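Engineer: For reference, the structure I am asking about is given below.
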Amino acid sequence: MAMKIDPDMCTACGDCKPVCPTKSISSGKIFFKIDGATCTECDGHNDSPLCVDVCPSGCISPA
1 MAMKIDPDMC TACGDCKPVC PTKSISSGKI FFKIDGATCT ECDGHNDSPL CVDVCPSGCI
61 SPA
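Rendered as structure tokens:
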């Protein structure tokens with residue numbers, strides 16, 4: 001499974017991008033997006049998705 005970013009809630013702060021161990025988060029035209037093909041929900045890196053832990057707006061959830 002992968003994570004997804006709700007574009008209506010994303011503030012484009014960028015806090016999620018540097019913590020992603022698989023480099024699955026990229027900048028979109030307005031907000032950030034997660035590549036579902038490479039996102040592992042930080043399996044093998046952390047107990048929970050790091051992007052969720054750092055997101056101040058709570059816009060990241062399971063896809």
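Mapped onto UniProt numbering, the consecutive letters of the sequence shown carry residue numbers 1 to 63.
For every residue, glycine included, the Cβ atom is placed at its ideal position computed from N, Cα and C.
This structure is a prediction, so every number in the text was calculated from the model and none was measured.
1) If we call anything under 7 Å between Cβ atoms a contact, is residue 24 one with residue 35?
2) Within the same chain, show all residues whose beta-carbon is closer than 7 Å to that of residue 45, passing over the 5 residues directly before and after it, in chain order.
3) Spell out the partners DSSP gives residue 25 in its beta bridges.
4) Just the C-alpha distance for residue 1 and residue 56, rounded to the nearest angstrom, thanks.
5) Quick one: what's residue 62 bridged to in DSSP?
Structural biologist: By the coordinates alone:
1) yes
2) 21
3) 34
4) 22 Å
5) 3
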